[in-house]
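Residue numbers (our numbering), protein chains in the order written: chain A, 1 to 122; chain B, 1 to 242.
What follows is a single structure, written as structure tokens, with notes after it.
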């Protein structure tokens, strides 16, 4: 757990260093994620030990984000004038996106369905 | 006696109180979620918010102060974002053979998911900071929150928009797949992960391992693509909208 956390923080720090040196307009943790992914794909030593810490953090991601989400209700006066736009964009936008993305995938992957069917019966 | 009580009341203004309240609410939400057999409507994000929203005004702690109390928890969003490399790495291994159509699908899909909500919000007259908070709503929250820091939106708004997107997507997937006659688990999983991130992925696993793996892959790739692209193109979009 601690070794994994160390690796995660190290790559986040690395992302921060690269961004400060280059001025890239990216979030440092995102760049840290890309760097860690590259390290994993290149079989860099120790990186596999990230598994436990990574799994734990991802499993409890809701714990990390709901304290931000309560701000919508507790500071509702900031958002209420845009309530309609928010509800339509979030609820309607999600349903429309899901339909369009599904149709696009049918178009892109549908034809390959037959040949790729690998028949694992479970 | 009087000072004792005052000292006791002052406890609500310590990080200990905020973190205790947050963890207790989350534990309660996990229990409810388990009891409901993981129904998207009872997602821990929604249920855990309720005790916090009720208790904070009662004890006189405002949202800004609560954010400061729980900054230790918020800090962990950084390493949690880096951690997403792990599942992405695992799933890239399993689907290497169909990688090209998947990358193309991710690029188009990420554009659709962000574009539709930006377009709708703009059409309904939302200001720029609100639109900026909606653009990354289909990607997993830690990345979305990080992205919003560079496009100038609201962290609260993006956290809420992402969570509700996940819940709506997970609820709508069943009817939509029936309507469009989708039976391919790869498509079911990929669309859910792309539009509805982690909550969609949990739903995708109900279709099976294969749908779950494709969903996890879509979640990772879509988050990556959006996070890499949005900070560059946002200034340009913002210029178009204003």
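Ideal placement from N, C-alpha and C gives every residue a C-beta, glycine not left out.
- Nearest to residue 58 of chain A by C-alpha distance, out of B:86, B:228, B:54 and B:64, is B:86.
- Its chain contains 28, 29 and 32 as the residues whose beta carbon lies nearer than 7 Å to that of residue 12 of chain A, once the 5 sequence neighbours on both sides are disregarded; these appear in chain order.
- Closest in alpha carbon position to residue 81 of chain B, among A:77, A:25, A:9 and A:83, is A:9.
- DSSP places residue 197 of chain B in the uninterrupted alpha helix (DSSP H) bounded by 185–204.
- In this structure, residue 53 of chain B keeps its C-beta atom at 9 Å or more from the C-beta atom of residue 63 of chain A.
- If you check each beta-carbon in the stretch 8–21 of chain A against every beta-carbon of chain B, the ones closer than 7 Å belong to 8, 9, 11 and 12.
- For residue 44 of chain A, no Cβ of chain B is located within less than 9 Å of the residue's own Cβ.
- Counting only runs of at least 3 residues, the stretch 59–115 of chain B fully encloses no beta strand (DSSP E) element at all.
- In the three-state DSSP reduction, residue 82 of chain A falls in the helix class (H, G or I).
- Between the stretch 92–102 of chain A and the stretch 32–50 of chain A there are fewer than three inter-stretch CB-CB distances shorter than 8 Å, so the stretches are not counted as touching.
- In this structure the stretch 57–69 of chain B does not touch the stretch 113–126 of chain B; the number of beta carbon pairs closer than 8 Å is below three.
- Between residue 115 of chain B and residue 75 of chain B, the alpha-carbon positions lie close to 30 Å from each other.
- Taken through DSSP and simplified to helix, strand or coil, residue 139 of chain B comes out as coil.
- With respect to chain A, the C-beta atom of residue 13 of chain B has no partner C-beta closer than 9 Å.
- In this structure, the straight-line span from the alpha carbon of residue 178 of chain B to that of residue 44 of chain B is close to 27 Å.
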